Amino acid sequence: MGGFRSRSESARANRSSAKKTNPTLAPRRPARTVDPVRELCLDVLGEVHGQGAYGNLLLPGALRAASIGGRDAAFATELTYGCLRATGQLDAVIEMAAGRPIGAIDPPVLDALRLGTYQILHTRVEPHAAVATTVELVRHRGFSSAAGFANGVLRTITRTPAQEWLRRIAPGTSIGDVALRSAHPRWIADAINNALLEPGADTDTTISPELAEALAANNRRPAVHLAARPGAISQEELALVTGGETGAYSPYAVYLPSGDPGDLDAIRQGLASVQDEGSQLVALALCRAPLGRVDRGRWLDLCSGPGGKTAFLAAWGQGAETSQRVRVDAIEVTRHRADLVDKATRGLPVRVHTGDGRDLRAISSLDMPAGYDRVLVDAPCTGLGALRRRPEARWRKSPEDVAELVALQRELLAAGLAAAAPGGVVVYSTCSPHLAETQEVAHAVARSEGAEILDAGAILPEVPRSAAGPFIQLWPHRHSTDAMFIAALRKPGDSGGPEASA
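Counting in the UniProt record's numbering, the sequence shown runs from 1 upward without gaps.
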């Protein structure tokens, strides 16, 4: 048996020979690889937190550029949006596990820890995989010295179940604890709670039984809603050609179960558009609101961008009983958004004007009539009703934003009433349930301008559990729409006799 070597001995001999004859063939430790999907997520988080980017605008393009699709794209979407929605909650857990303030952690390391913590607490990813991939991201970003720290923090988090972590960071039943467990800032939970309570309730001590459900709804991705263009295709026809389901409230809404709406022929041909059912109801309320005058077909959209409601109004108006053909003037303060309105309303009787809706007479292109019959004021707002769509928004807004916006909202609503003819109607809407932006603005301006507040519930009787006094407040957890607020006001005076429109 002379000359025989075992397999292991042969392998050692070969490695020794390789070292002597060709150093480049010497064995090396396998290179660590970074998961490209998680790395892309980390890139997006860095842009959002460091540069003020918007996740819902940045991520789709990043996925296309990286040729990431299918299940990987779905995972990246869940991971990125989930981290952005839950930022405050994740930070509380990380801070407790790390034993140091969030501000003491380098931002790229902190974003990586957020990715890892979200996977551990809120996904089915195996904890060891969440830890390992996160630590590699930290190393790959040039923070090798922090790899051990990241590993220790994440392993600490894996040792305790998710529900126990939530109990530790928010152990009580106060609104603040409910907010943190649901990944919301306290002030937003307060605003939602106040809007849910019955009039006269003590907002300092009473928590609505719906609060937890309302907050949870903000953490679910919204379904895609389509709007059938009035006069072009019926709701039933749109549901048939798209495979969707007819909406519950708007007679033009269709719910799309899956797929990219941009691939639909009905969208390409201009027969339908993507529009939340709540936004459709806002436009429908203006179309239906009873006038105190003959409708001459002069309608105004005072804050029209990006144009979905404007298009709905113009299309609906073509079948309305008016003394003259409906024409819509659309005002938008920024050129970019005015271009979006122009694109959304192509082929419809709409004239788009760039300018400040608070000063219509300064808009030289606007041929002002004696007064508009119908005016929509879909005012800029905090967007608290669309938190499902803008995952990072809840952590960017602050209570200080509300006061500034309320001043603008009051000015715009007053301008809308000033532009209306006597007996004309103004619908005021926001994508926010905050009482300061909704009921308080409508009451204050109606009082100062002497306008009559109409019963919005009577205008939209098909929408249950939406009444907020004479107003309508939609909710994601009740209606599966954005939390749109709708108020209908009528300008005093009677000019032209009884209304002639539907």
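Ideal placement from N, C-alpha and C gives every residue a C-beta, glycine not left out.
Computed from a predicted model, the values in this text were never measured in an experiment.
By DSSP, does residue i sit in helix, in strand, or in coil?
i	result
D329	strand
Q324	coil
L58	helix
I486	strand
R182	Correcting the residue identity first, residue 182 is Ser in this sequence and not Arg. Here S182 sits in coil by DSSP.
I363	coil
Q318	coil
T246	strand
E210	coil
E236	helix
residue 512	Outside the modelled stretch of the chain, which goes from 1 to 502, sits residue 512, for which no answer is possible.
D35	coil
D339	helix
D301	strand
E126	coil
V254	strand
F143	coil
D373	strand
L313	helix
G493	coil
L348	coil
L226	strand
A451	coil
A444	helix
Leaving out the 5 sequence neighbours to the left and right, which residues in its chain are closer than 7 Å to residue i when beta-carbon positions are compared?
i	result
K309	S279, V282, A283, D301, L376 and D378
A147	V135, V138 and R139
V37	I68, D72, F75 and A76
Y372	R298, W299, L300, A419, A420, A421 and G424
L405	P380, C381, T382 and E437
P498	Here P498 scores only 49 on pLDDT, less than 50, and its place in the model should not be relied on; the value that follows carries that caveat. So the list is empty, once near-sequence residues are dropped.
A488	A285, A289, V425, V427, L454, A456 and I459
A97	V153, T156 and I157
What's the gap between the Cα of residue i and the Cα of residue j?
i	j	result
I102	D91	7 Å
A444	L474	21 Å
T242	S480	20 Å
L460	Y428	15 Å
A272	Q235	10 Å
L180	R396	16 Å
P161	L211	24 Å
residue 514	N218	Outside the shown range of the chain, which is 1 to 502, sits residue 514, and nothing can be said about it.
L413	R335	22 Å
L57	G292	43 Å
V44	L59	7 Å
A53	Q119	23 Å
P171	H122	19 Å
R85	H225	22 Å
I363	A201	45 Å
W187	T173	16 Å
G355	T158	54 Å
D339	A253	25 Å
I175	G88	15 Å
A223	V125	25 Å
L256	G247	10 Å
A18	T33	With a pLDDT of only 41 at A18, under 50, the local geometry of the prediction cannot be trusted, and no value is derived from it.
F485	E164	37 Å
L196	S466	11 Å
Using a Cβ-Cβ cutoff of less than 8 Å, which residues in the same chain neighbour residue i once the five nearest sequence positions on both sides are dropped?
i	result
C42	Position check: residue 42 holds Leu in this sequence, whereas Cys was assumed. Counting only Cβ-Cβ distances below 8 Å, and skipping sequence neighbours, we find P108, D111, A112, L115, L137 and R141.
residue 514	Limits of the chain in this structure are 1 at one end and 502 at the other, which puts residue 514 out of reach.
R167	none
V178	A170, A189, I207, L211, A212 and L215
Please go through the same chain and pick out, in chain order, the residues whose beta-carbon is closer than 6 Å to the beta-carbon of residue i, but skip the five residues on each side of it.
i	result
A468	none
Q269	none
R374	L286, W299 and V425
I267	P261
residue 523	Nothing can be reported for residue 523: it is not among the residues displayed for the chain, which extend from 1 to 502.
G307	L340, V341, A344 and T345
A232	L271
Can you determine whether any heavy atom of the ligand GDP sits closer than 7 Å to the C-beta of residue i, and answer yes or no?
i	result
L413	This structure lacks the ligand GDP; in fact it carries no ligand of any kind.
Length at least 3, wholly inside the stretch 385 to 438: the beta strand (DSSP E) runs in chain order: Entirely contained in the stretch 385 to 438, the beta strand (DSSP E) runs reaching 3 residues are, in chain order, 420 to 430.
Ordered list of alpha helix (DSSP H) runs contained in the stretch 42 to 118, each at least 4 residues: Within the stretch 42 to 118, the complete alpha helix (DSSP H) runs of at least 4 residues are 55 to 65, 70 to 85 and 87 to 98.
Given 8 Å, three or more beta-carbon pairs between the stretch 78 to 92 and the stretch 149 to 160: no
Segment contact, 8 Å Cβ cut-off, at least three pairs: the stretch 319 to 339 with the stretch 239 to 254: no
4 or more residues per run - each alpha helix (DSSP H) lying fully within the stretch 266 to 295: 277 to 288
Complete alpha helix (DSSP H) runs within the stretch 145 to 206 (minimum length 4 residues, chain order): 147 to 158, 162 to 169, 175 to 181 and 186 to 196
At least 3 beta-carbon pairs within less than 8 Å: the stretch 423 to 441 vs the stretch 381 to 389: yes
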